[in-house]
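Student: Below you will find the structure I want to go over with you.
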């Protein structure tokens, strides 16, 4: 992950009448990092990113994109924004849409054509580039929408619920694109209310609820903060109590219990300690018949922090 700070948000506040939509939100994103804003609809995600990209001015606080406020031309050139609402011309082909927006970004001639071809490949629409956008599926429109935000090779890509209402194939394609773009060094701000997307894509997550950032960190950080732990369940053949005693001798095992032929272990990092667990309990003639690993997820974290279901 890069050390260069691309986005800084400090103490952002925004109200609409008597409603405080965003309340003292602060975070930053470095080059090559994907940062997720995780929360239900109405939590303040879209208002936050509207201030990040300069659509809304904060009532208080500050945003800096590569050191410049988003209202400046220097910052705008560094931002790629993919809104939740589609921003396409349905009577233009996919290629024509990209060419039009490339001109708005100041690209022309061979440079624009080369960039359009590259973006079509990135979003997986090269074979449908000549079709009218109105003939695209919902997922294809989403991918084209994302492609527009990539034309000028931004330093910061802001994606607002980019997989809302799309088919599974397009959803996977969009998430694959996000991972590939982050690998090139692009900083990505990704808003979603889908827990599995945040877990799959984001290096760090900010949990936002009722306009406030209630927690921030890696998945492991957040899980540790609320005291959740992982579990390993083994079905064994032989003496389960002997297996339990062996497992309890491992420093990675927090607790162990048997239920008939099942051994249940509470651990910190199941992927790291599973080989040692299997080697230990396999002594004294005990045979492990099956293994199941259950890791706490961001859904449990969000419920613990807010008292709400994530999709609420």
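Residue numbers (this note's numbering): 1 to 312.
In this text, a Cβ means the ideal position worked out from N, Cα and C, and glycines have one as well.
All values reported here derive from a predicted model rather than from experimental measurement.
Evaluate residue 296 with the Cβ neighbour count: other Cβ atoms within 10 Å of its Cβ, from every protein chain shown; 16 or more gives buried, anything less gives exposed.
Tutor: Mapped onto the chain shown, residue 296 falls at position 296. Result: buried.
Student: So with Cβ pairs under 8 Å, would you call residue 205 a contact of chain D?
Tutor: The structure shown contains no chain D; it holds only a single protein chain.
Student: Report the option in 183, 107, 168 and 195 whose CA atom is closest to the CA atom of residue 148.
Tutor: What you label residue 148 is simply residue 148 of the chain shown in a count that begins at 1. It is 107 whose Cα lies nearest to the Cα of residue 148.
Student: Residue 41: buried (16+ other C-beta within 10 angstroms of its C-beta) or exposed?
Tutor: Numbered from 1 along the chain shown, position 41 holds the residue referred to as residue 41. With fewer than 16 Cβ atoms within 10 Å of its Cβ, residue 41 is classed as exposed.
Student: Would you kindly work out how many angstroms separate the C-alpha atoms of residue 301 and residue 222, rounded to a whole number?
Tutor: Stepping through the chain shown from its first residue, residue 301 is reached at position 301. Stepping through the chain shown from its first residue, residue 222 is reached at position 222. Rounded to whole angstroms, the separation of the alpha carbons of residue 222 and residue 301 is 7 Å.
Student: Under the DSSP definition of a beta bridge, which residues are partnered with residue 313?
Tutor: There is simply no residue 313 to check, as the chain begins at 1 and stops at 312 in what is shown.
Student: From this set, 129, 182 and 18, which residue's C-alpha is nearest residue 90's C-alpha?
Tutor: Taking the chain shown and counting its residues from 1, the one referred to as residue 90 is at position 90. Here the closest residue by C-alpha is 129.
Student: Taking C-beta to C-beta, are residue 6 and residue 48 nearer than 8 Å?
Tutor: The sequence position of residue 6 within the chain shown is 6, counting from 1. The sequence position of residue 48 within the chain shown is 48, counting from 1. Contact: no.
Student: What is the DSSP secondary structure of residue 297, counted as helix, strand or coil?
Tutor: As a working note, residue 297 is residue 297 in the chain shown. Coil at residue 297, not helix or strand.
Student: Taking the beta carbon of residue 70 as the centre, do at least 16 other beta carbons fall within 10 Å, making it buried, or is it exposed?
Tutor: Residue mapping note: residue 70 aligns to position 70 of the chain shown, counting from 1. So residue 70 counts as buried.
Student: In its own chain, which residues sit with a C-beta less than 7 Å from the C-beta of residue 74, not counting the 5 before and 5 after it?
Tutor: Here residue 74 refers to the residue found at position 74 when the chain shown is read from its first residue. Excluding sequence neighbours, residue 74 sits near 68.
Student: Within a Cβ cutoff of 8 Å, which residues of the same chain sit near residue 100, ignoring the five residues on either side of it in sequence?
Tutor: Here residue 100 refers to the residue found at position 100 of the chain shown. The residues are 89 and 92.
Student: Residue 115 and residue 151 look like a contact to me (Cβ under 8 Å); what is the Cβ gap, rounded to whole Å?
Tutor: On the chain shown, residue 115 is found 115 positions in, with the first residue counted as 1. On the chain shown, residue 151 is found 151 positions in, with the first residue counted as 1. Confirmed, about 6 Å.
Student: Just tell me which of 94, 154 and 38 has its CA closest to the CA of residue 137.
Tutor: As a working mapping, residue 137 is identified with position 137 in the chain shown. With distances taken between Cα atoms, residue 137 lies closest to 94.
Student: According to DSSP, is residue 268 helix, strand or coil?
Tutor: Counted from its first residue, the chain shown places residue 268 at position 268. In this structure, residue 268 counts as coil in the three-state DSSP scheme.
Student: Flag this pair as yes or no: are the beta carbons of residue 173 and residue 33 separated by less than 8 Å?
Tutor: Here residue 173 refers to the residue found at position 173 when the chain shown is read from its first residue. Here residue 33 refers to the residue found at position 33 when the chain shown is read from its first residue. For residue 173 and residue 33, no; Cβs fall outside 8 Å.
Student: What are the complete beta strand (DSSP E) segments, minimum 3 residues, inside the segment 204-253?
Tutor: 204-209, 212-217 and 230-237
Student: Quick check on DSSP: helix, strand or coil for residue 82?
Tutor: Working through the chain shown from its first residue, we reach residue 82 at position 82. Residue 82 falls in the strand class under three-state DSSP.
Student: Beta-carbon separation of residue 39 and residue 208 under 8 Å?
Tutor: As a first step, residue 39 must be located in the chain shown, where it is residue number 39. As a first step, residue 208 must be located in the chain shown, where it is residue number 208. It is a contact, given that the beta carbons lie within the stated cut-off.
Student: Identify which residue in 36, 56 and 30 has its Cα closest to the Cα of residue 13.
Tutor: One-based indexing of the chain shown puts residue 13 at position 13. Measuring from the Cα of residue 13, the nearest candidate turns out to be 56.
Student: Taking Cβ positions, are residue 78 and residue 155 nearer each other than 8 Å?
Tutor: Numbered from 1 along the chain shown, position 78 holds the residue referred to as residue 78. Numbered from 1 along the chain shown, position 155 holds the residue referred to as residue 155. Against a cut-off of 8 Å, the Cβ pair of residue 155 and residue 78 comes out as a contact.
Student: In terms of DSSP beta bridges, what is residue 259 paired with?
Tutor: To locate residue 259, count along the chain shown from 1; it is residue 259. DSSP, once it has assigned bridges, lists 262 as partnering residue 259.
Student: Looking only at its chain, what residues have a beta carbon closer than 6 Å to the beta carbon of residue 105, apart from the 5 residues adjacent to it on each side?
Tutor: Numbered from 1 along the chain shown, position 105 holds the residue referred to as residue 105. Around residue 105: 151 and 152.
Student: Exposed or buried, residue 60, counting other C-beta atoms within 10 Å across all chains shown (16 or more means buried)?
Tutor: By 1-based counting over the chain shown, the position of residue 60 is 60. With fewer than 16 Cβ atoms within 10 Å of its Cβ, residue 60 is classed as exposed.
Student: Can you name, in chain order, every residue of its own chain whose Cβ lies under 7 Å from the Cβ of residue 162, other than the five neighbours on each side?
Tutor: For the purposes of this step, residue 162 is identified with residue 162 of the chain shown, where counting begins at 1. 82, 142, 146 and 174.
Student: What does the Cβ neighbour count give for residue 283, buried or exposed, with the cut at 16 atoms within 10 Å?
Tutor: Start at 1 with the first residue of the chain shown, and residue 283 comes out as number 283. It is exposed - the Cβ of residue 283 has fewer than 16 other Cβ atoms within 10 Å.
Student: Does residue 255 pass the burial test, meaning 16 or more other C-beta atoms within 10 Å, or should it be called exposed?
Tutor: The count along the chain shown starts at 1 and reaches residue 255 at position 255. Taking all protein chains in view, the Cβ of residue 255 is surrounded by fewer than 16 other Cβ atoms within 10 Å, so the residue is classified as exposed.
Student: Just to confirm the assignment, what range does the beta strand (DSSP E) spanning residue 188 have?
Tutor: As a working note, residue 188 is residue 188 in the chain shown. First-last of the beta strand (DSSP E) with residue 188: 187-192.
Student: Could you say which of 177, 109 and 111 lies nearest to residue 122 if we only look at CA atoms?
Tutor: Translated into positions along the chain shown, residue 122 becomes position 122. Taking only the C-alpha atoms, the option nearest residue 122 is 177.
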